[in-house]
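In this note's numbering, the protein residues as written are 130 to 377.
Shown next, in the form of structure tokens:
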């Protein structure tokens, strides 16, 4: 005898919070109005730069072929910063971004994927065309591109790994020291740095299976799975010159 199971099909959001806890949305050109209206601010977003490795909606890893801007998470959590876990509610629900409005997890995702395919918001869309920060962003992209970093990481397996280490640490240090310099010189909110220049390379280098340890002025490159600096024989270090990128 076969027992039939009655299926309950949802037609609305039940505020489980799953989508919000998986991370903030990627922003699109139509979301620009949220900044004009004061709903979103630069210190609440970050840039995923071209060349970064990310996980897409199909749960596969891809290399970004263009930059994207996302809403930040809550401290070390992936949860969107505007998600109120206690109330199981979005604190900007009436003005939520396009992807949040389009996502209906109980329906076929085709419509949501159409929204995802719309033109993405870019940094230049949120910065005045005559703002000098654009030239600094361009210089940072040329110096610290993920193409350059990926190439240097690949060279670790080549005949001159020590040169590859030096190249990687040069990129890391440029990105590292640029941020406080601009905070001081141009009075930029430190919480806006991840929007202007993406996440620090000291953080994102883990996507290549590496990590950075810093002790004083010394940057140490190590395998990401290594737990302490003293226990891995293959790691190499380079003494920082302590330069302050005064040419900017």
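A virtual CB, placed ideally from N, CA and C, is assigned to each residue, including glycine.
- Task: Quick one: give me the first and last residue of the beta strand (DSSP E) that residue 191 is part of.
- Result: Looking at the DSSP string, the run of the beta strand (DSSP E) that includes residue 191 is 190-192.
- From the DSSP output, which residues share a beta bridge with residue 326? In DSSP, residue 326 forms no bridge with anything.
- Message: Quick check on the DSSP output: what are the complete alpha helix (DSSP H) runs of length 4 or more inside the stretch 206-279, in order along the chain?
- Response: Complete alpha helix (DSSP H) runs here, min 4: 227-231, 239-245 and 262-272.
- Task: State yes or no: is the C-beta of residue 172 within less than 8 Å of the C-beta of residue 318?
- Result: Using a Cβ distance threshold of 8 Å, residue 172 and residue 318 count as a contacting pair.
- Can you tell me whether DSSP reads residue 375 as helix, strand or coil? Residue placement at residue 375 cannot be trusted, given a pLDDT of 36 that sits under 50; what the coordinates show is reported in the next sentence. DSSP places residue 375 in coil when its eight states are reduced to three.
- Task: Give the DSSP-derived three-state secondary structure of residue 288 in the structure shown.
- Result: In this structure, residue 288 counts as coil in the three-state DSSP scheme.
- Query: Among 350, 347 and 201, which one has its Cα closest to the Cα of residue 320?
  - Reply: Considering only alpha carbons, the answer is 201.
- Message: For residue 336, which residues in the same chain have their Cβ closer than 8 Å to its Cβ, ignoring the five residues on either side in sequence?
- Response: Once the five neighbours on either side are set aside, the close Cβ partners of residue 336 are 181 and 182.
- Identify every residue that forms a DSSP beta bridge with residue 175. Answer is 199.
- Below 8 Å, can you find three or more Cβ-Cβ pairs linking the stretch 265-279 to the stretch 294-310? Taking a cut-off of 8 Å on C-beta distances, the stretch 265-279 touches the stretch 294-310, as three or more cross pairs fall below it.
- Euclidean distance between Cα positions of residue 363 and residue 341: The predicted model places residue 363 with a pLDDT of 36, which falls under 50 and marks its position as unreliable, so this point remains unresolved.
- Query: Bridge partners of residue 351, per DSSP?
  - Reply: Bridge partners of residue 351: 340.
- Task: Give the DSSP-derived three-state secondary structure of residue 165 in the structure shown.
- Result: When DSSP states are grouped into helix, strand and coil, residue 165 belongs to the helix group.
- In its own chain, which residues sit with a C-beta less than 6 Å from the C-beta of residue 235, not counting the 5 before and 5 after it? Hits under 6 Å: 139.
- Span separating the alpha-carbon of residue 268 from that of residue 334: The C-alpha of residue 334 is placed about 20 Å away from the C-alpha of residue 268.
- Thinking C-beta only, is residue 294 closer than 8 Å to residue 330? Result no, Cβ atoms of residue 330 and residue 294 do not sit closer than 8 Å.
- Where the beta strand (DSSP E) containing residue 182 begins and where it ends: Element bounds for residue 182: 182-184.
- Query: Would a check of beta-carbon distances place residue 282 closer than 8 Å to chain B?
  - Reply: Going by chain labels, chain B is absent from the structure shown, which holds only one protein chain.
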